[in-house]
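Engineer: Below: one structure in structure tokens.
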Amino acid sequence: MAEAGRSAASGARAAKGPASPPAWVLEELPAKEAWLRRCRLRVHPEAGAGLEMEASELGYLVEDVAANPGQDPAMKRGDVLVEIAGRRLFGLPAAADVEAAFSEAFADGAEVLLVDADELREALINRDSNEECPCEVPEGDGEYERIVPPGESANYELLRRAESSVEYDAVVHIPVGRGTVWSLGPEPMAYLTDDLTRLGSEYGLTAEAKLDRAGNMESVALRGLSTAIAAARPTVVQILDHYRQGKWQASGETAHVGAGGAAAGDDAALVGGAAVDGLGFRVPDHVKDIRQFKYHDHTADIIVHSWGATRAEAFGQVVAGMFNYMTDLENVDLRSAVEVEATGHDLLDLLYHLLDEFLFIFGTEMHVSRCIDIVEFDEQQLRIRARGYGEKMNLKKHEQGTEIKAITMHMMRILAPDVVMTEEGTRPRAAAGEDDSEPIPGYPHEVYVLLDI
Numbered sequence: 273m274a275e276a277g278r279s280a281a282s283g284a285r286a287a288k289g290p291a292s293p294p295a296w297v298l299e300e301l302p303a304k305e306a307w308l309r310r311c312r313l314r315v316h317p318e319a320g321a322g323l324e325m326e327a328s329e330l331g332y333l334v335e336d337v338a339a340n341p342g343q344d345p346a347m348k349r350g351d352v353l354v355e356i357a358g359r360r361l362f363g364l365p366a367a368a369d370v371e372a373a374f375s376e377a378f379a380d381g382a383e384v385l386l387v388d389a390d391e392l393r394e395a396l397i398n399r400d401s402n403e404e405c406p407c408e409v410p411e412g413d414g415e416y417e418r419i420v421p422p423g424e425s426a427n428y429e430l431l432r433r434a435e436s437s438v439e440y441d442a443v444v445h446i447p448v449g450r451g452t453v454w455s456l457g458p459e460p461m462a463y464l465t466d467d468l469t470r471l472g473s474e475y476g477l478t479a480e481a482k483l484d485r486a487g488n489m490e491s492v493a494l495r496g497l498s499t500a501i502a503a504a505r506p507t508v509v510q511i512l513d514h515y516r517q518g519k520w521q522a523s524g525e526t527a528h529v530g531a532g533g534a535a536a537g538d539d540a541a542l543v544g545g546a547a548v549d550g551l552g553f554r555v556p557d558h559v560k561d562i563r564q565f566k567y568h569d570h571t572a573d574i575i576v577h578s579w580g581a582t583r584a585e586a587f588g589q590v591v592a593g594m595f596n597y598m599t600d601l602e603n604v605d606l607r608s609a610v611e612v613e614a615t616g617h618d619l620l621d622l623l624y625h626l627l628d629e630f631l632f633i634f635g636t637e638m639h640v641s642r643c644i645d646i647v648e649f650d651e652q653q654l655r656i657r658a659r660g661y662g663e664k665m666n667l668k669k670h671e672q673g674t675e676i677k678a679i680t681m682h683m684m685r686i687l688a689p690d691v692v693m694t695e696e697g698t699r700p701r702a703a704a705g706e707d708d709s710e711p712i713p714g715y716p717h718e719v720y721v722l723l724d725i
């Protein structure tokens, strides 16, 4: 084990994914290009980086991330650092070489290239494959027949990876979607568990749903021989496609995922007391579908003004206000969820990064969040975790509003019952007659954010 050492102070914001991956990645791990993440190290002169890592042929494996000084949310336990400040860590001949390369570039603000360890191992399974078209349905009784064209699948890139002849034990996680989790009801989860059990028996491996701390499904975990995993992967993707579209069998003794996508469940799940089609998706009862925001004109831009009974509610509503400006949220159904985490050096910076994370998810996933649930809000450590419930933007269904280009700090204000926080500092709420003089009855917390449109 090695603890990342000490250097200069202050953190830096993550760069969300490489615009142009290093040449060695494209040559050796072409299937991993879309899964790479970038962020910058945070190193405190006394606390160091707070990382427990182990050097290996894959690079530096992150085994633990301490709360102090805290790293960017893009970095998590189970990641592998494959490059730091342009220095390659992946594929070096010895652990000592990895440690030496890392030490030479280790510094506060050093940019690192990350990839999930399980995904990296999966890429190695398939790297030497010569198969050109693994997209066909595996031979058999047709139990899992594809119901959508491969190019329309959210996991299409997984189908393009060929099977490997390399034989060794491996663990591979196939995500339900990038930046997406599923909140499956008890019935579809039971059927999915049974489908995965039957798939595991067919391919001689273990297949199970991987859940996050809130009980939402993140991925399907496959454990077994690498060749079995490679053979089973296309079928797993087909199963996920069926459940994504609500094509699970709600009754009877036939296959849950049948030939031709037969027997979709007829029972809609309850979401906040309303019926919602597909996937058995359920929004927790405490999540409110409310609109506590309005807009103020600004030269060439727009200001979103939100309010709430708590600061967390005001933060969530300003996120909803941002999405509502892009499309009418009344036309957005609750079909899926995304989760983001953000940190900041003060509450204004934290709010900025929360909005920026949701805007990034929209830019990459086209996911529009109608309801925002602030899952965790640590005002002392300046960390926030939020979940957005909604669906992907569909121009045939959703009216196209105004594009949000960026979040800005200019004119940002956070109002508490007795103070106002701005970039200039904290002051008492203004004298009567000014726009922020009196709280809205029942809603002592307010937020103003200027959006670049």
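Take 273 as the starting number for the sequence shown in this note's numbering and just add one per residue.
All C-beta atoms in this analysis are idealised placements derived from N, C-alpha and C, irrespective of residue type, glycine included.
Check whether the Cβ atoms of Val719 and Val591 sit closer than 7 Å, and answer yes or no.
Structural biologist: In the sequence shown, the residue the question calls residue 719 occupies position 447. In the sequence shown, the residue the question calls residue 591 occupies position 319. The answer is no: Cβ separation not under 7 Å.
Engineer: Considering only the alpha carbon of each residue, which of Gly476, Glu651, Met594, His577 lies closest to Ala442?
Structural biologist: In the sequence shown, the residue the question calls residue 442 occupies position 170. Ranking Gly476, Glu651, Met594, His577 by Cα distance to Ala442 puts Gly476 first.
Engineer: Alpha carbon to alpha carbon, how far is Val297 from Arg309?
Structural biologist: If you number the sequence shown from 1, residue 297 lands on position 25. If you number the sequence shown from 1, residue 309 lands on position 37. Their Cα atoms are separated by approximately 12 Å.
Engineer: For Gly616, which residues from the same chain have a beta carbon less than 6 Å from its beta carbon, with the 5 sequence-adjacent residues on both sides left out?
Structural biologist: Taking the first residue of the sequence shown as 1, we reach residue 616 at position 344. The answer, listed in chain order, is Leu622, His625, Leu654.
Engineer: Among residues of its own chain, excluding the 5 on either side of Ile679, which ones have a beta-carbon nearer than 6 Å to its beta-carbon?
Structural biologist: Here residue 679 is taken as the residue at index 407 of the sequence shown, counted from 1. Only Tyr624, Leu627, Asp628 meet the Cβ criterion.
Engineer: Going by C-alpha distance, which of Gln343, Arg349, His316, Glu355 is nearest Ala295?
Structural biologist: Start at 1 with the first residue of the sequence shown, and residue 295 comes out as number 23. That would be Glu355, whose Cα lies nearest to the Cα of Ala295.
Engineer: Within 10 angstroms of its Cβ, does Leu392 collect 16 or more other Cβ (buried), or is it exposed?
Structural biologist: Your numbering for residue 392 matches position 120 in the sequence shown. Buried, by the Cβ-count rule.
Engineer: Spatial neighbours of Pro700 within its chain, please: CB distance less than 7 Å, with the 5 preceding and 5 following residues excluded, ordered by chain position.
Structural biologist: Walking along the sequence shown from the start, residue 700 turns up at place 428. Excluding residues within five positions, the ones whose Cβ falls inside 7 Å are Asp690, Val691.
Engineer: In terms of DSSP beta bridges, what is Val492 paired with?
Structural biologist: Here residue 492 refers to the residue found at position 220 when the sequence shown is read from its first residue. Val492 pairs with Ile446, Ala481.
Engineer: Smallest Cα separation from Gly673: which of Glu637, Gly593, Asp605, Asp618?
Structural biologist: Counted from its first residue, the sequence shown places residue 673 at position 401. Among Glu637, Gly593, Asp605, Asp618, the Cα nearest to that of Gly673 belongs to Gly593.
Engineer: Ser578 and Ala586 - do their beta-carbons sit closer together than 7 Å?
Structural biologist: Working through the sequence shown from its first residue, we reach residue 586 at position 314. Working through the sequence shown from its first residue, we reach residue 578 at position 306. A contact, by the Cβ cut-off of 7 Å.
Engineer: When DSSP builds the beta bridges, which residues end up paired with Pro700?
Structural biologist: The sequence position of residue 700 within the sequence shown is 428, counting from 1. Partner(s): Val691.
Engineer: Mapping the DSSP letters down to three states, classify Ala500 as helix, strand or coil.
Structural biologist: In the sequence shown, residue 500 corresponds to position 228, counting from 1. Ala500 falls in the helix class under three-state DSSP.
Engineer: Bridge partners of Asp336, per DSSP?
Structural biologist: Position 64 of the sequence shown holds residue 336. Looking at the DSSP assignment, Asp336 forms a beta bridge with Glu324.
Engineer: Where does Leu313 sit, in a helix, a strand or coil, going by DSSP?
Structural biologist: Along the sequence shown, read from residue 1 onward, the residue named residue 313 stands at position 41. Three-state DSSP puts Leu313 in coil, outside helix and strand.
Engineer: Can you tell which of Gly714, Val604, Glu710 has its C-alpha closest to the C-alpha of Lys668?
Structural biologist: If you number the sequence shown from 1, residue 668 lands on position 396. Comparing Cα-Cα distances from Lys668 to each of Gly714, Val604, Glu710, the minimum goes to Val604.
Engineer: Check this for me: beta carbons of Leu456 and Ala479, under 7 Å apart or not?
Structural biologist: On the sequence shown, residue 456 is found 184 positions in, with the first residue counted as 1. On the sequence shown, residue 479 is found 207 positions in, with the first residue counted as 1. No, Cβ-Cβ distance for Leu456 and Ala479 is not below 7 Å.
Engineer: In this structure, what does DSSP give as the bridge partners for Arg655?
Structural biologist: The residue you call residue 655 lines up with position 383 of the sequence shown. Answer is Thr615, Asp650.
Engineer: Ends of the alpha helix (DSSP H) at Ser455?
Structural biologist: Residue 455 sits at position 183 when you count from the first residue of the sequence shown. Neither: Ser455 is in no alpha helix (DSSP H) and is coded neither H nor E.
Engineer: DSSP beta-bridge partners for Glu356?
Structural biologist: Counting from one through the sequence shown, the residue named residue 356 turns up at place 84. The question names Glu, yet the displayed sequence has Ile at residue 356. Beta-bridge pairing links Ile356 to Arg359, Val384.
Engineer: Distance, Cα to Cα, Gly660 vs Ala368?
Structural biologist: Here the question's residue 660 lines up with position 388 in the sequence shown. Here the question's residue 368 lines up with position 96 in the sequence shown. So the alpha carbons of these two residues sit roughly 43 Å apart.
Engineer: Whose C-beta lies closer than 7 Å to the C-beta of Gly472 among residues of the same chain, with five residues either side of it excluded?
Structural biologist: For the purposes of this step, residue 472 is identified with residue 200 of the sequence shown, where counting begins at 1. So the list reads Thr478, Ala479, once near-sequence residues are dropped.
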